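One structure is given here, and the rest of the page talks about it.
In full-length UniProt numbering, the protein residues as written are 1 to 568.
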């Protein structure tokens, strides 16, 4: 409630409708500390009006310049964000379910001109929404001329903000220079009523655009949910996003920007650049407002504040965080719920719940959440050999800048779970497991709607969509080994089919023992002797140069005769 014509008309209208609509009405006024005596007079005007109407009033006096400087904000956008924070706080203190603001059709027209000037998308062309969440704008279809005329007819007064005539602000230049020229160019006249009529016609057109956008929003929401990378609220799968039509992609990127915590809106050029790097990952970094940036690498889109920091996990403090069991554990953007389960509860969680279960008897020492070291080893579940964490994260598509910031759950023996990606093979559940640790991981922004009981299923079943592990690439030497093995199997089958392994028994003895057995008369079957001499002992024949030893020649003659066809 600033005291201007728009907010005064809104308060009077809601007070008149309070009884019939069963409204519990309150007003809020923020003193920015910028306009000195004029701002003090605005505060007194609002206090008198609310006292006369019997409406409770929430007031605060802030140092707007200091607050914006500490937060890195500036200009009208910074002031708007301060007012928004103040109104949300006032709504929380009074228990208000809705916050009504006094935007008019003229504000709608000015906002559209500003968006067109910097380039906009379908979202910008939709204009100011009549309702978004708890924010409502009842006067959005009324022009400023109509509002002032109604106030005069009711004998009401209002305050004029001198800063609204300051042409250093873009909105004021549009209001006092561009829109009057627009009215003269289209209607050959300029007055508050003519401008209001143009604004109302423009607002009606924006309603049609908003309806078309609503249909596309549903598709964008589905794309955003499918593209979310498990374990992070700042990473998104480029392949899923790039497969969507361009209008859906643009809406999904805008939704992603808001969900990541980015300040304000995105300009059309920044949005189009983000779309370009999503379709061609690895082709540069897009600079976004207030020090934020977007990068697409390894098929993952990452939005972060600053080029080197990982804002969404707040991991500048690298001290391990002990895991509270049972309880809720928050570290940065991660939100883990942990509890002990036994018997049938463990089996039910294993089948019907998203989360991880670890056999309590295999856990070593206290559990902690910490940043994983890229050089430490663990055995991913489903694998037999240990893997180093850094190469494993690369294989899973985690961007290079994020690999040294991945969160893990660990005990004294090492990693138990790389959050959101893969648990280790340690502490598996077996038929003999009596007690297990159940952990469900989410992110703070996606778990606010769930309950606080870690052992009770609440909210959506899957707070983090699980991204299936990629199929390991088949390396050339593995292919070669596989086909060699198949060839050997085929050869063995062929030899068995020919009967070469079954024609005669195999006698595996040394050459010296064979001579001894023959001399003592223990080998008498000539066929077996021939087979042994020609086959089994061929590799053990003592030779001199390329000829068998003379003693072996004599032995061959005595046993098989001079005409035996034996190999040298």
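Note that beta-carbon positions come from the ideal geometry of N, C-alpha and C, so glycine has one too.
Please read these numbers as outputs of a predicted model, since none were measured by experiment.
So, for residue 189: in the same chain, excluding its five sequence neighbours on each side, which residues have a beta-carbon less than 8 Å away from its beta-carbon? Non-local beta-carbon contacts of residue 189 in its own chain, meaning distances under 8 Å to residues more than five positions away in sequence, involve 183 in chain order.
Output yes or no for whether 8 Å exceeds the beta carbon distance between residue 369 and residue 409. Yes. Within cutoff.
Is DSSP giving residue 140 helix, strand or coil here? DSSP, reduced to helix, strand and coil, places residue 140 outside both helices and strands of the structure shown, so it counts as coil.
Per DSSP, residue 59 forms a beta bridge with which residues? According to DSSP, which records beta bridges pairwise, residue 59 is partnered with 29.
For residue 365, I'd like the list of residues in its chain whose CB is within less than 8 Å of its CB, leaving aside the five on either flank, ordered along the chain. Only 411, 412 and 413 meet the Cβ criterion.
Where DSSP assigns a beta bridge to residue 321, which residues make up the other side? Secondary-structure assignment with DSSP links residue 321 through a beta bridge to 369.
Return the residue from the list 53, 274, 359 and 66 that minimises the CA-CA distance to residue 34. Distance from the Cα of residue 34 is smallest, within the candidate group 53, 274, 359 and 66, for 66.
In chain order, what residues of the same chain lie with their CB nearer than 6 Å to the CB of residue 58, ignoring the 5 residues before and after it? 28 and 90.
So, are the CB atoms of residue 99 and residue 87 less than 8 Å apart? Yes, these two residues count as a Cβ contact at 8 Å.
Quick one: residues in its chain with C-beta nearer than 8 Å to the C-beta of residue 114, no 5 flanking neighbours on either side, listed in chain order? Closer than 8 Å at the Cβ level, and outside the excluded window around residue 114, lie 170, 171 and 174.
What is the DSSP secondary structure of residue 417, reduced to helix, strand or coil? In the displayed model, residue 417 falls within a strand according to three-state DSSP.
Would you call the stretch 216-223 and the stretch 246-255 touching, i.e. three or more CB-CB distances under 8 Å? Flag = yes, the stretch 216-223 and the stretch 246-255 touch.
Are residue 119 and residue 268 touching if we call contact CB-CB under 8 Å? Cβ distance < 8 Å, so residue 119 and residue 268 count as in contact.
Closer than 6 Å by C-beta to residue 117: which residues in its own chain qualify, once you throw out the five before and the five after it? Chain order, please. Within the same chain, residue 117 has no close Cβ partners at all.
DSSP three-state call for residue 158: helix, strand or coil? In the structure shown, residue 158 sits in coil (DSSP, three-state: anything other than H, G, I, E or B).
Inter-residue Cα distance where the pair is residue 235 and residue 382: When rounded, the distance between both Cα atoms is 25 Å.
Kindly indicate which three-state DSSP category residue 22 falls into: helix, strand or coil? Here residue 22 sits in coil by DSSP.
How about residue 198 and residue 338: are their beta carbons less than 8 Å apart? No, they are not a contact pair.
Less than 8 Å between the beta carbons of residue 260 and residue 359, yes or no? Not a contact, by the Cβ cut-off of 8 Å.
Rounded Cβ spacing between residue 296 and residue 277 (contact assumed at less than 8 Å): At roughly 4 Å, the Cβ-Cβ gap stays under 8 Å, so residue 296 and residue 277 are in contact.
If we ignore side chains and look at the alpha-carbon of each, how far apart do residue 603 and residue 204 end up? Residue 603 lies beyond the range of the chain shown here (1 to 568); nothing can be said about it.
Could you tell me how far apart the beta carbons of residue 137 and residue 176 are, in whole angstroms, since I believe they sit closer than 8 Å? For residue 137 against residue 176, the beta-carbon gap comes to about 23 Å, at or over 8 Å, which does not count as contact.
Considering only DSSP beta bridges, list what residue 190 is partnered with. Beta-bridge pairing by DSSP links residue 190 to no other residue.
So if DSSP puts residue 86 in a beta bridge, which residue, or which two residues, is it bridged to? Residue 86 pairs with nothing; no bridge assigned.
Distance, Cα to Cα, residue 92 vs residue 24? The alpha-carbon atoms of residue 92 and residue 24 are separated by roughly 14 Å.
Mind reading off the beta-carbon distance from residue 241 to residue 288? Whole number of angstroms is fine, and I expect it under 8 Å. So it is not a contact: roughly 16 Å between Cβ atoms.
Helix, strand or coil for residue 439, going by three-state DSSP, please let me know. Residue 439 falls in the strand class under three-state DSSP.
Can you tell me where the beta strand (DSSP E) with residue 357 in it begins and where it stops? Residue 357 -> beta strand (DSSP E) spans 356-359.
Where residue 5 falls, given that 16 or more other Cβ within 10 Å makes a residue buried: Buried.
Are the stretch 37-53 and the stretch 121-135 touching, with three or more C-beta to C-beta distances below 8 Å? Counting Cβ pairs under 8 Å, fewer than three are found: no touch.
Which word fits residue 483, buried or exposed, when buried means at least 16 other C-beta atoms lie within 10 angstroms of its C-beta? Counting Cβ neighbours within 10 Å, residue 483 comes out exposed, since fewer than 16 surround it.
Do the CB positions of residue 299 and residue 397 come within less than 8 Å of each other? Result yes, Cβ atoms of residue 299 and residue 397 sit closer than 8 Å.
Is residue 341 near residue 257, with beta carbons less than 8 Å apart? Not a contact, by the Cβ cut-off of 8 Å.
By the 10 Å Cβ neighbour count, where 16 or more other Cβ atoms means buried, how is residue 38 classified, buried or exposed? Exposed, since its Cβ has fewer than 16 Cβ neighbours within 10 Å.
Exposed or buried, residue 132, counting other C-beta atoms within 10 Å across all chains shown (16 or more means buried)? Residue burial is scored here from C-beta neighbours: residue 132 has fewer than 16 other C-beta atoms within 10 angstroms and is therefore classed as exposed.
Quick one: measure Cβ to Cβ for residue 436 and residue 336, integer angstroms, because I've assumed they're closer than 8 Å. About 16 Å; that fails the 8 Å criterion.
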